[in-house]
Every structure is written in structure tokens, then in C-alpha cells.
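Structure first, then comments.
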Amino acid sequence: MQEVNQELAIKHGLTVGEYNKIIELMGRNPNLVELGIFSAMWNEHCSYKSSRIWLQTLPTKNKYVIQGPGENAGVVDFGDGDVVIFKIESHNHPSYIEPYQGAATGVGGILRDVFTMGARPVANLNSIRFGSPSHEKTKYLLNGVVSGIGGYGNCIGVPTVGGETEFDECYNGNILVNAMNVGIAKKNKVFYSIASGVGNPVVYVGSKTGRDGIHGATMASAEFDEDSESKKPTVQVGDPFTEKLLLEACLELMQKKSIVSIQDMGAAGLTSSSIEMASKGDLGIKINLNLIPCRENNMTPYEIMLSESQERMLIVLKKGKENEAKKIFEKWGLDFAIIGRLTNTKKLELEYNKKIVCSIPIHSLGDNAPKYKREYITYNYPKSINHNSEIDKLDIKDSLLKILSHPNYSNKSWVWEQYDHMVMTDTIQKPGGDSAVVRYHGKNKGIAATVDCVPRYCKAHPKSGAMQAVCETWRNLISVGAQPIAITNCLNFGNPEKKEIMGQFVDSINGMKEACEALDYPVISGNVSLYNETNSVAIYPTPTIGGVGLLKNINNMMTYNFKDSENIIAVIGETSGHLSQSALIYDIIGNKEGPPPQINLKEEKKNGLFVSELIKNKLVNAVHDISHGGIIVTLAEMCMASNIGAKIKVSGSNTDKIKYLFSEDQARYLVEISKKNLEKIKKISATKNIKIDFIGKTQSEIFEIENNLRISVKELKTNNESWFKNYNKS
Amino acid sequence: MKLQVIVTLKKDVLDPQGSAIKNSLSNMGFKNIEKLRQGKTFEITIKEKNEKVALSKAKEMCEKLLANMTIEDYSVKAIKE
Amino acid sequence: MKASVIVFPGSNCDRDIKISLQKFGIKTSMVWHADAKLPKSDLVVLPGGFSYGDYLRCGSIASKSRIMKEVINHSKKGGLVMGICNGFQVLVESGLLPGVLIRNINLKFICRNITVKVTNNKTNFTSKAKRNSVLEIPIAHNEGNYFASKDLIGQLEDNNQIVLQYCDATGNINEQSNPNGSMKNIAGIINKKGNVFGLMPHPERAADSLLGGIDGSLIFKSLK
């Protein structure tokens, strides 16, 4: 075996300090296999060394949380013995290198994280962010990623029901692919990864092991440079057909009483799964590498341990249950191999050709992994900017159409029609609305899910941006009539060794913390992706939030399309005219300066609960949360979704009108009210001290702002539906 | 024995993938391509010393599974290991 | 009526079709592809999904499954067979229906509600629909482009084997309403005998008002 020295350790992505710590923990120099294992477990992706101390400050409990962070996914109580299990994860770096496979394996990985807990996956969501549309790689990446997400999700038969797609030049060198999955299970049939029972057999199931993705986890923690093209061989290749078989086989086995613990082989494959299971149980594990099903000849122990071949699981079975389990996996045509046993040595021991090729104290890999408190700065809320000179001569109609036809605000059906969003026949609200809703199979309740972030807000002021992301998911769940339960987070940032970036991270955590606490909406799972930089240019801080809510009765689900003409339109919440970082100022005018809108958590809660009550008492016909583009764009979306127009009145100078229509003040909703409910709503809003503006009414076909603009809803749609088609034509 | 099977689309069958690939190449600067059709190749290592028998088995594989005889043609040949 | 739904490795819509069949009072059993025998059935359903990952050609490997011998016998005896989406692909690969289903002309997977015209309502599968009525049913496929030789298309037309054709909301069969390039906008066909039906749209996704539409119900009602 190759001689291990400091130089080799550095090549493996370890620092000198980390290498010395390994020697200290081992009491000797590690061999190559051991070095490889440490490098995989101690890189950022697996160890969370830059983020752990901050993640531990997040709120992770409320009365619904059964399992918070620390397991493969989080678990929340949905009543009647039903639970919902969900998580979001990133697959950014591989997707930049090979977009189809990178995105596909991202979907595959998050699916496994959910079904390894005993849940049948019922919904996929994703958040994908690309560079500027004019950047030479964007079209290729967009098509590859969308095809990959569809290719994997469709084949495995889980509907992809929601997401976000965005373009900004800050992602030119680093795209983001965050994949979320939601599954359902019975409360008393949730499976965890804590191994127990010395002597219990450790079993490998799924695809054979090949040389895919060796050092994939290390790549996830590295910045890109001009050599990124040559990194291609390290991308994993996914096989959704095998994953479907694996899913069915695992769920079938889970019906029996034979599993002690189970974990999927994700980043750092066999290494991370075996180590995490054993160390959680405070046990050791001994594996015979000659028994690992391999796809290639002559794989070395190093390669076997670090391979990131997909669609594999590691299971600790109860003694005596091996044959029962084997039969199930054979029926589904999958490899099944008893590869080792749990021991009481508290060591990871690997045997190969009758020799011990690795012996590492198990806790040194996980619990004793480095934990850094990196230097960071704190960002003050930027000074406000007066945009009057930029907007006083703006034409409202022109501005509206520019936003509607902008890639970030265009109709995204080009994207989600490539995803099967109907399979499993439980999709009650499909992509395009505030939240996706899937019926809890066989029951009368629903699961609402949404994923959001506004990175330009986060860049302007990380703390506010992160708070806003949490609040927007909360509002999106409320808008469909669901009760928000908990969130999962995917924190995408640049290089944490730079104090400016670490500062963005810390501020984001603090912003999330405050919002989660105020809304009783904790974090139950998540993922951190750092080093999203190319040639030292970082992405905007992008804390993507995935929110899940409970819809007690699916017949009470709310939608955002107008239901009839001659109904009243109202704005709930205060409009103060904040334009900085809005779609109008940032994307259309091109001014990137200024603070994001302020978040008032008390207002968010108050207004949200009011809207919930209106929906519950059937006092509103349509609800849409006011976000990008402000009232005017939100209103246009409600019209386009229904082919029903609107007529509203705004007063003041042109500047005042633009501020009112395009500002992105938070904690607001647009609602449609039948005349018969008007008085009741006025009464309730008065008692609850809710700001509500009755701005106009719905009407047939025409979208109108009195004395200002008149346009057919048809024309709005033509403008809104053309960008993706035209972009991808050639 | 190693055999190579090539499966191609019959002449008149529509090939949307082939068209897209040709357009892509054209956009990349390869302007002289008149036609492009996409096919498949299979490399089969078979335990059979007699070449005639091996080729006949391969033909059977094609007609039963590897090629859709409605829209595809096939050719088989032995290749050097 | 008793139905058997065949489950191949990779089938995804088996549970979905079972729910719809049972909703309309059709007793349904699930049959594993490797089984040697079919239970006594009036109707055999090949569900949607990605059997064998769509490897080689969609439906090609599934069409060689052990159970398919029994399905072919069942159809020879006059039993009803319905293949939905991937199931339709298995039917053409197994020769129970003529023609082939190739890649969508725009090369992208499409999941969308479309409208089809009931061109032939004198079949076991469409008898409860009015002739030339328009049904809104979702599609979700990447290889739904029906292709056949000119002669074969002529035969299908002469024998009234074309059952469903993609059309616009008012029933016009035209290029704009064709989502995948299928010849003659063909969305569903039957065999000459009229007992085997293949269709690309998913009726089980349009049989529940909560899911957005119930036009698919007509097919299940016709089967009863």
C-alpha cells in the first residue's frame, strides 16, 4: 500500500491540523484506506465541521415533531397514528459537472433518505437555480437538470409536485440543485439508523458496487476552477429502475419484524453508512470486503469503501432473519449479501483477503470529527434607498409585462410538465400554486408542501433574507388552507473559510431561528452545501426552505385562481411601498442596491392566522400570498390562473402607484371575497386589528387598473407563457 | 466468442432523436451533415466456439428481443476479442 | 366483472388502476409478472409505469414475461385486455396490437391534461361515451408517438380500430392538439377482434373529482 504522509493527506482535502489529529486519535500513522475513510468522513459534506455548532442553535421541536435533525430525515405527527417524513438535500457540484446525472442522483439520494425510515415517498419537490440565461452553459444545464429530475422521479413513480426555478448571474459558475422528498408512514413503523445488538448481521442490498463517484463527498466540499471538466468521472450514475425495486423490497421487508436499523448509502457510500449506524449505537462494526457485491474486477478496499455507486442500502437484521430478508430481495432481483457483524470493539474493522486493512476507533470518525468556529462578520441592515427617480416615469403596463415575461417570473409549465406530477393519483393541487397538496393516501387529510427562498434578499441582508424564506413558506402553506407544521432546510453558501461568507451563514441561521421560534415552525432535517464558489466568486447566500403543512380536510383546500366575476378583491396586510430588492428594481431596472423588505414576525403570525380562519370558515374564495412583483403581479397571476379579470383602483402620483403595486412588503395576502361575506370579514378584521384594503373587484376577461391600464387576461398569458418556449426552441 | 450486433431503424421510420442530434451538430459548426440516424450496438460474449452457431443464435436474439422487427433492421458479426 | 392487473418490475400505476377499477365495482387482483397462471379474469390490465426501466425499448422486456403467455391466451379466447401507457407499449411489443410507440416528437416527457375524441364508441371500453364526444384525460409519457406504415394505418381506419384521437377542446383533430406527433393523432386503438385496447392517456387519473376531472370514468363504466 501507498505510504501515507502529509502531502497525501492534503491531496485528500485534509488540512495539516486534521492530519495530525488523525494520527493522535489513531495513535499511529493511518494507512491509505484509513486515510481515505477519514478524508470522506471529515470533509464538509459529511462532517458539517463549519456549520455544526451553528445548526445546533436552531429550534427543532414543537408538539408535532417526533424526530428532529440527526436521522436520515425528520418525522412529524399528522394524527391518527400517521406520520409524515421529509427532508431536502443538495446535489450542486455534481449537477454542474454532469447536469442530468447530478440532478437524477440528487433525487435518488433524497428518496432513499425518506424510505430508509419506512416511509413510502409521496411527493418530490425541488429548487433549481441557474446562471444568467445568456451565460453559455445555462441552456445546457437547465435542460440537463430538468430532464434528470424528470427522468429519475418519473421512472420511480413518485410525483414531482412543486418547486422553484430561478436565474441569476451569481450562479454562473455554481448552479444549485436542491431536492426535497416527503413520505408517509405509520407512527409505530418508523425505522431508525441506530444499530444495536452485538453479533447482529450487517447486510448489503441493492446495486453492485463500482467505481462511481469515488471522492464525490470530497468534490462536494471543493471549489471549482478551470479544471472542473476533468472532474467528470467522479459523478455518480443513477438507475431509477433499480431504486424502484429497492424501494418496494425495503418497504416489503419493513412489514416484517426483522430490521434493527437501516441506512442508505449516500455520500461516502459504505463508509458513512456503516460508521454512522455503529457509532450511533456506540458499537463497533466488522466488514469482510471480499463479500461486497462488486460490478468491476479487482476493486481495492479503498475503492470499495469510498465508492458512491447508487441505489444501495445497509441493514442490520435481527439474528435469524437473514433468509426471510434474502427471499424478498431475490424476488425483486437485487443483490443481498451478509457482509459483516456488529461488534463491541467500538472500532470500524475491515477485513480483506484474510488481513485487517483498516482499524479505526469509530467515534473518531463522527463525534470526534473536527468542529470549527470559523471567523465571521455580522451584516447590518443596509441604509434605505430612495427609488423615486428610477420609477417616476415608469409605465405601469410596460413594467408589469416586463416582469411577467422575465424568466424568473414566467409561467414554469415548460419545467413541470416534464415531471409526472400525477402518478399515485393523490395530487390535489399541482405545480403552479402557492403550495403543492397531496392527499394522505386513503385518508381525508392532505399534505401541503412548498419550497422557497429569495436569494437577492439574502445577499442584501442575510438575516432578513433567511427570516423571509421561512415566512414565505409559512404563508404559502396558509394560503392553501394548511396548518404549517415544520421545515427542512438546504443551506447553500460559498467558502466558509472567508469571514464574509461565514457571516452570511451565521446571520442566516439567526434569522431562521427567530422566524421558526415566532411561528412555532421548527427545523426537523436539512443539509448544508458550502464552497459554492468558482474562481473565488461565491453564490448569493441561499438558505432554501422546504415547508410542510397539514390540511385536516382536503375538501377545505384553497386555491389561488379567481372563482367568479363581480367578487371583491382585498389586500390583507400593510403596504408601505418597499421597493429595494424587488423584482421591479432588481430584475427589470437592474439596481441591486438597498435593503430587503423588513420582516415583522408578529404581523406575519397575526395576518396568517387571520387568513387561516377565513379559509376555515369558508369566507374567502381564493387566496394568494403576495410575493415577487407585489400586488400587481400577484393579482395578474390570480387572473391568468382563472381566465377571470380584475378591476382595481390605486390613487396618488405615478410614483405612489408604482410603490403600491410593485412593492414587496411582507406578511400580505390577496383574497377574493363574495359580496355576501364582506360585512362579516370587515367585522372580524376590525376585532383582530388586521389591516385590510378593499381594492376592487373581479370582472370578466379584462385586467384593469382604473385610469391607468387595460389589458386582456389573454394578453397577460401570452406574455407570461413565452419565455421558456422561446429560450429552448433552437 | 465476441459478437457485435448493430440495430438500426428501417429506412422510412421517423427518427426524432436523430434529427435533434443532427441539428445540434449543425449548431456546433458541422454544417455538411446531410443525414443522421441513431442506432444501437450490443457486444455479446457467448460461450460458443463455432462461429456459424454463434451468429445464428445472435440472429435469433435480434428477432426475438434486441430488434423490433416492425421498425428496425439488424446485422451481426463476430469480432476479435 | 373480475380484473387482473399485471405488475412488472417498474410498474408504477398498478395501485392507481386498482383503485379506479374497484371504485366502479370491478373485483381486482394483482398478478406478479413471474407467475405462471392468471386467476380467472374477464379483464386483464397492463398498467402504466416504467417496466424494466424502459430498457431496450419501452415495454419490450415486459412483453417477454412469463405471465404474458397467459395474457395472450386470454385474449385469444376473447377475454378483454386493456393496456394503459406503458401497458399500451407492452401490447404493441407483444404483437397483441399493431404498430409501435416511439419517442415523442419534441423529445420531452409530457405530463398534461389533454383532450381526446371518442372516434369509436362501439367498443367494450368506450360504449358509455357518446360518439365524437370529447374527453379530458391526462397523459404522462416520453414515448407515446404512435407510428405505423401507411398500409397499416389504412387498415386501422377501415376496420374502425382507431378509438381515441387527440383533439382540441371542441373536438377538432389537428396538429396543435397533437402532443407527441402520433400518426393521425392516435391516442388509443383496439385490435381487429375488438377485445384488446391500448391507450396512452391515463383514465385512472381522471376518475376522481378531487384530482381535477372524471371523464376517465366513462371507460370504467363501459367495462362494467
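Protein sequences appear in the order of chains G, U and R. In case it helps, our numbering puts the first sequence at residues 396 to 1125. In case it helps, our numbering puts the second sequence at residues 3 to 83. In case it helps, our numbering puts the third sequence at residues 16 to 239. Glycine included, every Cβ here is placed at the ideal spot set by N, Cα and C.
Identify every residue that forms a DSSP beta bridge with TRP47 of chain R. Within the third sequence, numbered from 1, the residue matching residue 47 of chain R stands at position 32. Per DSSP, the beta bridge partners of TRP47 of chain R are R:VAL22.
Where does ALA574 of chain G sit, in a helix, a strand or coil, going by DSSP? Within the first sequence, residue 574 of chain G is the residue found at index 179, counting from 1. ALA574 of chain G: strand per DSSP, three-state reduction.
ASP69 of chain R, DSSP secondary structure in three states: Locating residue 69 of chain R in the third sequence gives position 54, where the first residue counts as 1. The answer is helix: DSSP assigns ASP69 of chain R an H, G or I state.
Based on Cα-Cα distance, which residue from G:ILE483, G:THR1050, G:PRO879 and G:LEU799 lies nearest to ALA1112 of chain G? Here residue 1112 of chain G refers to the residue found at position 717 of the first sequence. With the sequence shown as reference, residue 1112 of chain G is identified as Lys, and Ala is not the correct amino acid for it. The shortest C-alpha separation from LYS1112 of chain G is found at G:LEU799.
Measuring CB to CB, does ILE980 of chain G end up less than 8 Å from ASN986 of chain G? Residue 980 of chain G sits at position 585 when you count from the first residue of the first sequence. Residue 986 of chain G sits at position 591 when you count from the first residue of the first sequence. Yes; because the gap between Cβ atoms is below 8 Å, this pair is in contact.
Beta-bridge pairing of GLY476 of chain G - partner residues as DSSP gives them: Indexing the first sequence from 1 puts residue 476 of chain G at position 81. Bridge partners of GLY476 of chain G: none, in fact.
With 8 Å set as the bound, which would you pick, yes or no: does the beta-carbon of TYR814 of chain G sit closer than that to a beta-carbon of chain R? Translated into positions along the first sequence, residue 814 of chain G becomes position 419. With its beta carbon less than 8 Å from one in chain R, TYR814 of chain G belongs to the interface.
Through-space distance from SER197 of chain R to LYS165 of chain R, alpha-carbon basis: Indexing the third sequence from 1 puts residue 165 of chain R at position 150. Indexing the third sequence from 1 puts residue 197 of chain R at position 182. LYS165 of chain R and SER197 of chain R: Cα-Cα distance of roughly 13 Å.
Any beta carbon of chain R sitting closer than 8 Å to that of VAL15 of chain U? The count along the second sequence starts at 1 and reaches residue 15 of chain U at position 13. It does: the Cβ of VAL15 of chain U has a partner Cβ on chain R nearer than 8 Å.
For TYR535 of chain G, name the three-state secondary structure that DSSP assigns. Here residue 535 of chain G corresponds to residue number 140 of the first sequence, with the count starting at 1. DSSP, reduced to helix, strand and coil, places TYR535 of chain G within a helical segment of the structure shown.
Going straight from the alpha carbon of THR822 of chain G to that of ASP815 of chain G, what length do you get? To locate residue 822 of chain G, count along the first sequence from 1; it is residue 427. To locate residue 815 of chain G, count along the first sequence from 1; it is residue 420. Going by C-alpha positions, THR822 of chain G is about 11 Å away from ASP815 of chain G.
What first and last residue would you give for the beta strand (DSSP E) that runs through ILE798 of chain G? In the first sequence, residue 798 of chain G corresponds to position 403, counting from 1. Run containing ILE798 of chain G: none in the beta strand (DSSP E); it sits in the alpha helix (DSSP H), 791-799.
Give a yes or no on contact between the stretch 42-50 of chain U and the stretch 32-48 of chain R, applying the rule of three or more CB pairs nearer than 8 Å. By the C-beta criterion, the stretch 42-50 of chain U is judged not to be in contact with the stretch 32-48 of chain R, since fewer than 3 inter-stretch pairs fall below 8 Å.
Contact set for ALA590 of chain G: own chain, Cβ-Cβ below 7 Å, skip 5 residues either direction: Against the first sequence, residue 590 of chain G aligns to sequence position 195. In its chain, beyond the 5 residues on either side, VAL655, SER656, MET672, ALA673, LYS675, GLY676, LEU678, VAL711 and LEU737 have a beta carbon closer than 7 Å to the beta carbon of ALA590 of chain G.
Got a sec: which bits of the stretch 206-226 of chain R sit with their beta carbon under 8 Å from any beta carbon on chain G, in order along the chain? Of all residues in the stretch 206-226 of chain R, HIS217, GLU219, ARG220, ASP223, LEU225 and LEU226 have a Cβ within less than 8 Å of some Cβ in chain G.
Using 8 Å as the limit for Cβ to Cβ distance, is THR72 of chain U near chain R? Your numbering for residue 72 of chain U matches position 70 in the second sequence. Residue-level contact check: THR72 of chain U touches chain R, since one or more beta carbons of chain R fall below 8 Å from its beta carbon.
Residue-level contact to chain U via CB, SER56 of chain R, 8 Å cutoff: As a position in the third sequence, residue 56 of chain R is number 41, starting the count at 1. Output row for SER56 of chain R: interface = no.
Residue interval of the beta strand (DSSP E) (run including ASN182 of chain R): Taking the first residue of the third sequence as position 1, residue 182 of chain R is located at position 167. Checking the sequence, you will find Cys at residue 182 of chain R rather than Asn. Going by DSSP, CYS182 of chain R is part of the beta strand (DSSP E) stretching over 177-182.
Distance, ILE1010 of chain G Cα to GLY568 of chain G Cα: As a working note, residue 568 of chain G is residue 173 in the first sequence. As a working note, residue 1010 of chain G is residue 615 in the first sequence. If you take the alpha carbons of GLY568 of chain G and ILE1010 of chain G, they lie about 44 Å apart.
Mind pulling the alpha helix (DSSP H) runs of 4 or more residues that sit fully within the stretch 396-476 of chain G? Listed in chain order, they are 401-406, 411-421, 427-437, 439-442 and 447-450.
Beta strand (DSSP E) runs contained entirely in the stretch 781-853 of chain G, provided each spans 3 or more residues: Within the stretch 781-853 of chain G, the complete beta strand (DSSP E) runs of at least 3 residues are 822-824, 831-834 and 841-847.
Counting only beta-carbon separations shorter than 8 Å, does VAL20 of chain R have a partner in chain G? Locating residue 20 of chain R in the third sequence gives position 5, where the first residue counts as 1. No, no contact with chain G.
Please tell me whether LEU640 of chain G has its Cβ less than 8 Å away from any Cβ of chain R. In the first sequence, the residue the question calls residue 640 of chain G occupies position 245. LEU640 of chain G counts as touching chain R.
Under 8 Å from the C-beta of ARG118 of chain R: neighbouring residues of chain U: Looking up residue 118 of chain R in the third sequence gives position 103. Under the 8 Å cutoff, chain U gives PRO18 and GLN19.
Are there 16 or more other CB atoms within 10 angstroms of the CB of MET30 of chain U, so buried, or fewer, so exposed? Within the second sequence, numbered from 1, the residue matching residue 30 of chain U stands at position 28. So MET30 of chain U counts as exposed.
Inter-residue spacing [alpha-carbon to alpha-carbon] between ASN962 of chain G and ALA978 of chain G: Sequence index remark: in the first sequence, residue 962 of chain G carries index 567 (1-based). Sequence index remark: in the first sequence, residue 978 of chain G carries index 583 (1-based). ASN962 of chain G and ALA978 of chain G have their C-alpha atoms spaced approximately 28 Å apart.
Kindly say whether LYS79 of chain R, judged by its beta-carbon, lies nearer than 8 Å to any beta-carbon of chain U. Counted from its first residue, the third sequence places residue 79 of chain R at position 64. Any Cβ of chain U closer than 8 Å to the Cβ of LYS79 of chain R would place that residue at the interface, and such an atom is present.
LYS626 of chain G in three-state terms, based on DSSP: Here residue 626 of chain G is taken as the residue at index 231 of the first sequence, counted from 1. Low confidence applies to LYS626 of chain G: its pLDDT is 45, below 50, so where it sits in the model is not reliable enough to give any reading.
Let me see if you follow: with CB-CB separation under 8 Å, is GLY552 of chain G close to chain R or not? Working through the first sequence from its first residue, we reach residue 552 of chain G at position 157. Closer than 8 Å to some Cβ of chain R, the Cβ of GLY552 of chain G qualifies, so yes.
Less than 8 Å between the C-beta atoms of GLY501 of chain G and HIS486 of chain G, yes or no? Residue 501 of chain G sits at position 106 when you count from the first residue of the first sequence. Residue 486 of chain G sits at position 91 when you count from the first residue of the first sequence. Yes, the Cβ-Cβ distance between GLY501 of chain G and HIS486 of chain G is below 8 Å.
PHE1089 of chain G at chain R interface by Cβ criterion, 8 Å: Residue mapping note: residue 1089 of chain G aligns to position 694 of the first sequence, counting from 1. Output row for PHE1089 of chain G: interface = no.
Would LYS626 of chain G be called buried (16 or more neighbouring beta carbons within 10 Å of its own) or exposed? One-based indexing of the first sequence puts residue 626 of chain G at position 231. Below a pLDDT of 50, predicted positions are generally treated as unreliable, and LYS626 of chain G, at 45, falls in that range; the measurement from the model is reported next regardless. With 16 or more Cβ atoms within 10 Å of its Cβ, LYS626 of chain G is classed as buried.
Cut-off 6 Å between Cβ atoms - residues of its own chain near SER192 of chain R, not counting five sequence neighbours on either side: Translated into positions along the third sequence, residue 192 of chain R becomes position 177. The beta carbon of SER192 of chain R lies closer than 6 Å to those of TYR181, CYS182 and ASP183 in the same chain, with the five residues before and after it left out.
Buried or exposed, going by whether 16 or more other CB atoms sit within 10 Å of the CB of SER19 of chain R? Locating residue 19 of chain R in the third sequence gives position 4, where the first residue counts as 1. Result: buried.
Beta-bridge pairing of SER924 of chain G - partner residues as DSSP gives them: By 1-based counting over the first sequence, the position of residue 924 of chain G is 529. In DSSP, SER924 of chain G forms a bridge with G:ASN887.
Under 8 Å from the C-beta of SER75 of chain R: neighbouring residues of chain U: Mapped onto the third sequence, residue 75 of chain R falls at position 60. By Cβ distance, chain U contributes LEU67 and ASN70.
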